[in-house]
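Residue numbers (this note's numbering), protein chains in the order written: chain A, 174 to 289; chain B, 2 to 114. Note that beta-carbon positions come from the ideal geometry of N, C-alpha and C, so glycine has one too. Notes follow the structure.
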């Protein structure tokens, strides 16, 4: 089955620790995205990548880093510089590529990160 | 700054009635508007997309309208069912530059049997 897989589903981070959230897709989509969702709020864009080896900051990129070395993979690292990382993280992809934007987004099931 | 507003209060309706959800936006000129459904603890699922030059789109019991003059979209679910209970998110998308979806905060719909 084609889709997006996020792992782990739940993640606990200690203060001052970096953690990496995995996102893999087998939809052959060019564009991938990371969003953060806080309780009762909408999705806020952290980073996005419209093509392999290229990515752009979203609205709340501070304290986060990404890489896009393969088309299928777009991991997100939450660094110790992110002061309030506890949230629900969602990865998405779209098939329109860099030249098309009018396509639906496919989302993973999310990773719930908690700082302990 | 860009702002997308959805009614933050939950919408409670009786089964069989039509649910109408509103999405208003400011300081934005979207080329496309999309609606998603999100269940608790899960990722959003795409429902409908409407383009700026389209007034209305339908899919089964769902209908979306898009008024670029009023900067508003309405999302209707006819003959609502308890299984329609979820949070519904609207998302805007440009045609140039940053094409990532910008989301509203969502409206929670509760359909009572």
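- Proximity of chain A to residue 106(B) at the Cβ level (cut-off 8 Å) is accounted for by 213, 214 and 215, in chain order.
- In the three-state scheme derived from DSSP, where H, G and I count as helix and E and B as strand, residue 96(B) is classed as coil.
- Inclusion of residue 81(B) and residue 14(B) in the CB contact set at 9 Å is warranted, their separation being smaller than that value.
- The three-state reading of DSSP puts residue 32(B) in coil, since its state is none of H, G, I, E or B.
- Of the candidates 21(B), 32(B), 71(B) and 100(B), the residue whose Cα lies closest to the Cα of residue 51(B) is 32(B).
- The stretch 55 to 66 of chain B makes no contact with the stretch 280 to 287 of chain A: fewer than 3 CB pairs, one atom from each, lie closer than 8 Å.
- The DSSP-derived three-state label of residue 85(B) is helix.
- In the displayed model, residue 77(B) falls within a strand according to three-state DSSP.
- Shown here, residue 244(A) sits in coil according to DSSP, grouped into three states, outside any helix or strand.
- Boundaries of the beta strand (DSSP E) harbouring residue 46(B): 46 to 52, taken from the DSSP string.
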